[in-house]
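These notes concern the structure reproduced below.
Residue numbers (the numbering used here): 3 to 44.
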């Protein structure tokens with residue numbers, strides 16, 4: 003079975019894999035995925 007994904011979905015998957023592999027931390031991943039801004043933390 004072939005699963006198709008949009009470019010945005012592939013990018014999100016890559017970011018999640020980076021978090022899993024400890025290449026980036028969760029806060030940076032959230033910022034990258036536009037789920038969190040540093041302004042909202044202040």
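Every residue gets a Cβ at the ideal spot worked out from N, C-alpha and C, and that includes glycine.
For residue i, the three-state DSSP class (helix, strand or coil)
i: residue 5; result: coil
i: residue 20; result: helix
i: residue 35; result: coil
i: residue 26; result: coil
Beta carbon of residue i nearer than 7 Å to that of residue j
i: residue 17; j: residue 34; result: yes
Integer Cβ distance of residue i from residue j, believed to fall under 8 Å
i: residue 38; j: residue 29; result: 7 Å
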